[in-house]
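The structure appears below as structure tokens.
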Amino acid sequence: MTDLQKATGKIAKFLLYSLAFVLIVLLFAYLTFKLLSFSRTVDVPDLSGKSLVEANELLSQKGLNLKIDAEEYDLDAPAGYIIRQDAPSGSRVKEQRSIRVIVSKGPRVQSVPSVVGEFLAQAESEFLKDGLKIAKVIRVHSNSTEKDKVIAQKPAPGEKITEKVTLVVSSGPYEVIYSCPDFQGKTKQEAAQLAEKLNIKLNVTGEGEVVKSQKPRPGSQIKTGDTMYLQMEGE
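In my numbering, the protein residues as written are 277 to 511.
Dropping the structure here:
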């Protein structure tokens, strides 16, 4: 082997070792960088109530990504604004993670059905089926509408609404306490007129036209809405 060949071989080995060393250094640097990047965590910002543009800017500053998971109707949040996020505000997550959010489609606008004359429980069930909410129930006494029945509603039936309805519901008549009058000896018509005046109900048995006996007895304590049981007899 000539001196030239020996020199060339040494140079080749040097270059090969140098290249291997450089590759090892680069690989070590790359792995170190990935390890540091992988283990780095950041605080999650509060995205609730933010627009998509604002949320994206906040996340970009933290090295995080924005992902829209779904859209929902919401009475309070305008369309395009964030309602909820999967990672709680203030929690720590790794960089480059995607924060999933629910975005508002704004309030649902639709026609309100009529529930006047229905019991409150029925109205609630009907509204729930249509995705509506009862914002407020106002109770008033009424001598003409049964207790717990809807007297009025706002918005009116057929009007466009944004999910919430106000109902006026009967509490029944004012409760008044009486000393029970004597129905005995009165005709069926006279008994009916007296019961209507006192706002009590009658349960009449017998075929006659004159009250023979009553329950509760005269002088007993009764109140509006109570039932008076009358036994009739012929004249």
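All C-beta atoms, glycine included, are put in the ideal place defined by N, C-alpha and C.
Quiz prompt | Segments of 4+ residues assigned as alpha helix (DSSP H) that fall wholly inside the stretch 413-472 | solution = none
Quiz item: If you count every other CB in all the chains shown that lies within 10 Å of the CB of L404, and 16 or more means buried, which is it?
Solution: Reading the sequence shown from its first residue, position 128 is the one you call residue 404. Its Cβ having fewer than 16 others within 10 Å, L404 is exposed.
Practice problem: Apply the 10 Å Cβ neighbour rule to L295 and answer buried if 16 or more other Cβ atoms are within range, or exposed otherwise. | Solution: Residue mapping note: residue 295 aligns to position 19 of the sequence shown, counting from 1. Exposed, since its Cβ has fewer than 16 Cβ neighbours within 10 Å.
Quiz item: Quick one, which of A331, L302 and Q465 has its alpha-carbon nearest S374's?
Solution: Here the question's residue 374 lines up with position 98 in the sequence shown. If we check each option's Cα against that of S374, A331 comes out closest.
Quiz prompt | Classification of L307 by the beta-carbon crowding that lies within 10 angstroms, buried from 16 upward | solution = Here the question's residue 307 lines up with position 31 in the sequence shown. So L307 ends up on the exposed side.
Quiz item: Can you give the beta carbon distance from L323 to I358, rounded, assuming they're within the 8 Å contact cut?
Solution: Sequence index remark: in the sequence shown, residue 323 carries index 47 (1-based). Sequence index remark: in the sequence shown, residue 358 carries index 82 (1-based). The Cβ separation is near 5 Å, so the contact holds.
Practice problem: Compare the C-alpha of G366 against each of K338, V388 and S390 and name the closest. | Solution: For this step, residue 366 is matched to residue 90 along the sequence shown. It is K338 whose Cα lies nearest to the Cα of G366.
Quiz item: Does the Cβ of Q372 have 16 or more other Cβ atoms within 10 Å, making it buried, or fewer, making it exposed?
Solution: The residue given as residue 372 occupies position 96 in the sequence shown. By the 10 Å Cβ count, Q372 comes out exposed.
Self-check item: Proximal residues to L478 (C-beta, below 7 Å), its chain only, five neighbours per side dropped
Solution: Taking the first residue of the sequence shown as position 1, residue 478 is located at position 202. Counting only Cβ-Cβ distances below 7 Å, and skipping sequence neighbours, we find A467, A468, A471, M504 and L506.
Self-check item: E485 and K464 closer than 8 Å at C-beta
Solution: Start at 1 with the first residue of the sequence shown, and residue 485 comes out as number 209. Start at 1 with the first residue of the sequence shown, and residue 464 comes out as number 188. Yes, the pair counts as a contact, with Cβ atoms nearer than the cut-off.
Quiz prompt | DSSP three-state assignment for K477, whether helix, strand or coil | solution = Here residue 477 is taken as the residue at index 201 of the sequence shown, counted from 1. Strand.
Practice problem: Sort K370, N341, L351 and S380 by Cα distance to R360 and report the nearest one. | Solution: In the sequence shown, the residue the question calls residue 360 occupies position 84. The shortest C-alpha separation from R360 is found at S380.
Practice problem: Please report the residue range of the alpha helix (DSSP H) in which V329 lies. | Solution: If you number the sequence shown from 1, residue 329 lands on position 53. V329 -> alpha helix (DSSP H) spans L328 to Q337.
Self-check item: Same chain only: Cβ atoms within 7 Å of S496, ignoring 5 sequence neighbours per side
Solution: As a position in the sequence shown, residue 496 is number 220, starting the count at 1. Hits under 7 Å: C456.
Quiz item: Of all the options K409, S418 and G448, which has the alpha carbon lying nearest to the alpha carbon of K442?
Solution: On the sequence shown, position 166 is the one that residue 442 refers to. The sequence shown places Thr at residue 442, not Lys. The option with the nearest alpha carbon to T442 is K409.
Practice problem: Identify whether L299 lies in helix, strand or coil by the three-state DSSP scheme. | Solution: Residue numbering aside, residue 299 sits at position 23 when the sequence shown is read from its first letter. Three-state result, L299: helix.
Quiz item: Could you give the distance in angstroms between the alpha-carbon of A428 and the alpha-carbon of V318?
Solution: Locating residue 428 in the sequence shown gives position 152, counting from the first residue. Locating residue 318 in the sequence shown gives position 42, counting from the first residue. So the two alpha carbons sit approximately 54 Å from each other.
Exercise. Whole angstroms is fine: what's the gap from E394's alpha carbon to R493's?
Key: For the purposes of this step, residue 394 is taken as the residue at position 118 of the sequence shown. For the purposes of this step, residue 493 is taken as the residue at position 217 of the sequence shown. Roughly 36 Å separates the two Cα atoms.
Self-check item: Check whether P383 and D406 have beta carbons under 8 Å apart
Solution: Stepping through the sequence shown from its first residue, residue 383 is reached at position 107. Stepping through the sequence shown from its first residue, residue 406 is reached at position 130. No; because the gap between Cβ atoms is not below 8 Å, this pair is not in contact.
Practice problem: List the endpoints of the continuous alpha helix (DSSP H) containing K343. | Solution: Stepping through the sequence shown from its first residue, residue 343 is reached at position 67. Per DSSP, K343 belongs to no alpha helix (DSSP H); it is in the beta strand (DSSP E), N341 to E348.
Quiz item: Does the Cβ-Cβ distance between D424 and V445 come in under 8 Å?
Solution: As a working note, residue 424 is residue 148 in the sequence shown. As a working note, residue 445 is residue 169 in the sequence shown. Yes.
Quiz item: Just curious, the alpha helix (DSSP H) that Q398 is in, first and last residue?
Solution: Your numbering for residue 398 matches position 122 in the sequence shown. Element bounds for Q398: L396 to K405.
Quiz item: Smallest Cα separation from R415: which of D345, G448 and D502?
Solution: Working through the sequence shown from its first residue, we reach residue 415 at position 139. It is G448.
Quiz item: With a CB to CB cut of under 8 Å and the five nearest residues on each side skipped, what residues in its chain are close to Q460?
Solution: As a first step, residue 460 is located in the sequence shown; it is residue number 184 there, counting from the start. Taken in chain order, the residues that qualify are V487, K488, S489, Q490 and P494.
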